[in-house]
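Mapped onto the numbering used here, the consecutive letters of the sequence shown carry residue numbers 5 to 312.
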Amino acid sequence: MAYKGTVYRPPIEANSFLLPITEGCTHNTCTFCSMFHNIPFRMLPLEEVEDFLARTKAAAETAGLGVGYRSRGINCERVKRVYFVGADPFALPAHRLLERIDLAKRYLPNATVFTMYARTDNIERKSDEDLRALKDAGVNDLYIGVETGLDDVLSYYDKGYSAQQTLEQCERLGRAGIRHCDLLMLGAAGRGRGIENARATAQLENASKPHKILMTTLTAYEGTKLNDDIERGAFELADETETLQEEKELISCLNLPGCEFWAAHPLDVVPLVGYLGPDTQEMLDDLDYAIEQIDASAVNRIGRKGSL
Ligand code: SF4
């Protein structure tokens, strides 16, 4: 298989079996994102997916391991969780996803969870019946790029949906029994709006009830409209101190006991991982310490700019 583009996955899926089923992004116009520029969206035909599975199995069997990662000695019997690679594989119609799940199960007979990125409009286009069928087949833990609870910011980034639309689709997932893990972006609203962004985003998350929250921090990549806007002075990034204060406000406003809060992305200023409720105070203390110690001007000179 000649897969086009970089393989991205949430850091917490490091131990999952990565199975490419789409290339590119159906939307591909978010103004901060350059991940899939020049890569048209494409559904990988079943033959290509099967070729990947068959070649992986053959390579692992040569090493006496079965399907899996040779270096870790995982064989086909041990693969429980499959991560479908692509910007938004959930864009595929339900019957196409079910075909790929059935195929994967032939090679990975004990796989029970199939996870992937999903955009809000991917969910909107599926019926409740589709969602239940996908849940029954093992789909769970969909990663949704929620980013922010502020509609003007979502609009500026051309995300293609409002906070209310995301909330409604998360509620539909919940009724189908599918958990969602939300990706939020610190600094999304720019300089001077960190607290406002934290409060609006916490309000959305408290209503949508994610299984996990994954944080990243707004970064300007070359070749994006955001980067152009910053260079011509139309958008100003929050500095590191404001970003940490925003994160502190967000955690303080979240009322999601037991939800995992994962903020250890390479773009995050202070790595934090904990469960809201039992670990909330410790995470707030860590942020207070960082806010006291950080030299924002020095960190900003190092810069969070470039590419992943
Ligand atoms: S942020 Fe996600 S939805 Fe937006 S263009 Fe990038 S990959 Fe596509």
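Every residue, glycine too, gets a C-beta built ideally from N, C-alpha and C.
Residue closest to residue i, alpha-carbon to alpha-carbon, out of the options
{"i": "F118", "options": "S131, Y147 and E128", "result": "Y147"}
{"i": "Y87", "options": "P214, L248, V11 and L291", "result": "V11"}
{"i": "D243", "options": "G194, L135, A62 and E52", "result": "G194"}
{"i": "G142", "options": "L112, F45, L288 and G90", "result": "L112"}
{"i": "L4", "options": "A64, L48 and K163", "result": "Absent from the structure is residue 4, since the part of the chain shown begins at 5 and ends at 312."}
{"i": "R129", "options": "H99, A63 and I105", "result": "H99"}
{"i": "R179", "options": "T26, I255, P44 and L138", "result": "L138"}
{"i": "L171", "options": "A192, D140, Y161 and A206", "result": "A206"}
{"i": "F56", "options": "R85, N42 and I25", "result": "I25"}
{"i": "W266", "options": "N259, I295, I217 and L101", "result": "I217"}
{"i": "R110", "options": "Y161, A58 and D299", "result": "A58"}
{"i": "A115", "options": "A91, R85 and A62", "result": "R85"}
{"i": "M189", "options": "D162, A202 and A238", "result": "A202"}
{"i": "E240", "options": "D186, C263 and G191", "result": "G191"}
{"i": "L102", "options": "K252, R136, L288 and D156", "result": "R136"}
{"i": "D283", "options": "I255, R13 and G196", "result": "I255"}
{"i": "Y161", "options": "C34, E133 and D299", "result": "C34"}
{"i": "L187", "options": "L208, N259, E200 and A238", "result": "L208"}
{"i": "I16", "options": "G281, D145, V157 and D289", "result": "D145"}
{"i": "H215", "options": "Y279, M287, D289 and K61", "result": "Y279"}
{"i": "T220", "options": "M287, A268 and M120", "result": "A268"}
{"i": "C257", "options": "D156, G281, T245 and R236", "result": "G281"}
Neighbour-count burial assignment, residue i, 16 or more Cβ in a 10 Å radius
{"i": "G198", "result": "buried"}
{"i": "V277", "result": "exposed"}
{"i": "T247", "result": "buried"}
{"i": "S339", "result": "Because the chain here runs from 5 to 312, residue 339 falls outside it and cannot be looked at."}
{"i": "R76", "result": "Low local confidence applies: a pLDDT of 48 at R76 is under 50, so the model's placement there is unreliable, and no value is given."}
{"i": "Q297", "result": "exposed"}
{"i": "N79", "result": "buried"}
{"i": "S159", "result": "exposed"}
{"i": "S20", "result": "buried"}
{"i": "H184", "result": "buried"}
{"i": "Q285", "result": "exposed"}
{"i": "D292", "result": "exposed"}
{"i": "R104", "result": "buried"}
{"i": "L23", "result": "buried"}
{"i": "Y7", "result": "exposed"}
{"i": "E65", "result": "exposed"}
{"i": "D299", "result": "exposed"}
{"i": "P14", "result": "buried"}
{"i": "E175", "result": "exposed"}
{"i": "N42", "result": "exposed"}
{"i": "A18", "result": "exposed"}
{"i": "E250", "result": "buried"}
{"i": "G90", "result": "buried"}
{"i": "K309", "result": "With a pLDDT of 49 at K309, under the threshold of 50, the modelled position of this residue cannot be trusted, and the question is left open."}
{"i": "I295", "result": "buried"}
{"i": "D92", "result": "buried"}
{"i": "A95", "result": "buried"}
Bounding residues of the alpha helix (DSSP H) (the contiguous stretch that carries residue i)
{"i": "I127", "result": "T124 to E128"}
{"i": "T220", "result": "Taken as a continuous stretch (DSSP letters only), T220 belongs to no alpha helix (DSSP H), being part of the beta strand (DSSP E) at K216 to T221."}
{"i": "A291", "result": "One detail in the question is off: residue 291 reads as Leu in this sequence, not Ala. It spans T284 to Q297 - the alpha helix (DSSP H) in which L291 sits, taken as one unbroken run."}
{"i": "D106", "result": "A98 to Y111"}
{"i": "R136", "result": "D132 to A141"}
{"i": "T228", "result": "Careful: T228 lies outside any alpha helix (DSSP H) and carries neither H nor E."}
{"i": "T119", "result": "T119 -> not in any alpha helix (DSSP H); beta strand (DSSP E) instead, spanning V117 to T119."}
{"i": "L48", "result": "Counting along the chain, L48 falls outside any alpha helix (DSSP H), and DSSP gives it neither H nor E."}
{"i": "C185", "result": "Looking at the DSSP string, C185 is not in any alpha helix (DSSP H); the run it does join, the beta strand (DSSP E), is H184 to L190."}
{"i": "G198", "result": "G198 to S212"}
{"i": "L254", "result": "E244 to C257"}
Segment limits, beta strand (DSSP E) that includes residue i
{"i": "K163", "result": "Segment: none, K163 is in no beta strand (DSSP E) and carries neither H nor E."}
{"i": "A267", "result": "E264 to A267"}
{"i": "I148", "result": "L146 to E151"}
{"i": "R85", "result": "R85 to V89"}
{"i": "G278", "result": "L276 to Y279"}
{"i": "L22", "result": "F21 to P24"}
Chain B within 7 Å of residue i, Cβ atoms only
{"i": "A63", "result": "Here there is only one protein chain, and chain B is not present."}
Cβ contact check for the segment 135–153 and the segment 161–180: 3 or more pairs under 8 Å
yes
At a cut of 8 Å, does the segment 109–127 reach the segment 18–33 through at least three beta carbon pairs?
yes
Given 8 Å as the limit, is there contact between the segment 208–226 and the segment 32–41, that is, 3 or more CB pairs closer than that?
yes
Kindly confirm or deny that the segment 229–241 and the segment 258–273 touch, where touching means at least three C-beta pairs closer than 8 Å.
no
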